[in-house]
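Trainee:
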Amino acid sequence: MARTPLMAGNWKMNCNHVEAVGLVEQLAWTLKDFKYEPERSEAAVIVPFTDIRSVQTVIEGDRLPLAFGAQDVSVYDSGAYTGEIAAGMLAKLNCKYVVVGHSERREYHGETDELINAKAKKVIAAGMTPIICVGEVLEVRKAGIHVSHVLTQTKGVLDGIPAEQVAKLVIAYEPVWAIGTGEVATPQDAQEVCGAIRGYVAEAFGEEAAKGVRIQYGGSVKASNVVEIMAEPDVDGALVGGASLKADEFAKIVMFYTVA
Ligand code: 13P
């Protein structure tokens, strides 16, 4: 079975719930105008916690062809963890995806592969799909050890997850030096690491898992560079930051296949 590409807009800390409803509606209208075919490319918005209920209401109420999800989750199920949000709470809101281990969480909140692995397991246990982020910083890239570095992260974040679950989850390769910098990895850079990740999954979890797992590229993806990145065999979508905040631009990214 061919992998359906996943184009996920990570809004990061942008848009309050009122703005979120506006952006989702605008995105849906634009996709409709462009004659979007959801079976060719799945579109998702990954929004701040405070936006989820409103985004759910508009997407489900108007039956919009968009998935939605959250940007982080707690490793705990409930209890005295002030400020945390449990996987069960996100599942109750019908979130399909939860991003875990984004490089901004790793950098500003000290998240480790071990913690990210625990979060991914909570997301799976609650019936949602984790989008698990990996990626090297500039010094690692300069040292030429980015492939082994990312594979070590991948090993850590997937540890103990059953192969049939690995087949269904999403891994996002986001080189940190390409995030929000306008510096895009070349399609060959993206393929080198995405291909290596799939190779690792095949080795550690088997061919079926490797065939099923979707591997995204993220880092300064725009309508103008998405087509060439998506032409690479092991790139199954994009995790998009800045460009996902503009309906027209994100709609063009989602519909990369019309140009391909
Ligand atoms: P930009 O697309 O703004 O570079 O952000 C990428 C990213 O971090 C998505 O998660």
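Letter by letter, the sequence shown follows residues 3 to 262 of my numbering.
Idealized CB from N, CA, C, for every residue including glycine.
Small disclaimer: the values here were computed from a predicted structure and weren't measured.
Please confirm whether any heavy atom of ligand 1 lies closer than 6 angstroms to the CB of L263.
Mentor: The structure shown has nothing for residue 263, since the chain only spans 3 to 262.
Trainee: With a cut-off of 8 angstroms, do at least 3 Cβ pairs link the region 171-188 to the region 210-227?
Mentor: Judged by Cβ distances under 8 angstroms, the region 171-188 makes contact with the region 210-227, as three or more pairs qualify.
Trainee: Can you name, in chain order, every residue of its own chain whose Cβ lies under 6 angstroms from the Cβ of A212, other than the five neighbours on each side?
Mentor: Around A212: R200, V203 and A204.
Trainee: Note down, one range per segment and in chain order, each beta strand (DSSP E) of at least 3 residues found wholly within the region 191-223.
Mentor: Counting only runs of 3 or more, we get 216-220.
Trainee: Under the assumption that I173 contacts I217 (Cβ atoms under 8 angstroms), give the Cβ distance between them as a whole number of angstroms.
Mentor: I173 to I217, Cβ: 5 angstroms. Contact.
Trainee: To the nearest whole angstrom, what separates the beta carbons of R55 and L95, a pair I think is in contact under 8 angstroms?
Mentor: Their Cβ separation, rounded to whole angstroms, is 6 angstroms, which keeps R55 and L95 in contact under 8 angstroms.
Trainee: So, are the CB atoms of A89 and A30 less than 7 angstroms apart?
Mentor: No; because the gap between Cβ atoms is not below 7 angstroms, this pair is not in contact.
Trainee: Going along the chain, which residues of its own chain have a beta-carbon closer than 6 angstroms to the beta-carbon of E230, five neighbours each way excluded?
Mentor: The answer, listed in chain order, is P189.
Trainee: Using DSSP's beta-bridge definition, name the partner residues of E44.
Mentor: Paired residue(s): L8.
Trainee: Determine the extent of the beta strand (DSSP E) in which G71 is found, giving its start and end residues.
Mentor: First-last of the beta strand (DSSP E) with G71: A69 to A72.
Trainee: Any heavy atom of ligand 1 within a distance shorter than 6 angstroms of the CB on N227?
Mentor: Not under cutoff, so the answer is no.
Trainee: Beta carbon of A165, beta carbon of G103: below 7 angstroms?
Mentor: No.
Trainee: Which same chain residues end up closer than 8 angstroms to A206 when comparing Cβ atoms and leaving out the 5 residues on each side of it in sequence?
Mentor: Once the five neighbours on either side are set aside, the close Cβ partners of A206 are K157 and L160.
Trainee: Checking contacts by CB at 7 angstroms: is V20 closer than that to chain D?
Mentor: You won't find chain D in this structure, because it holds only one protein chain.
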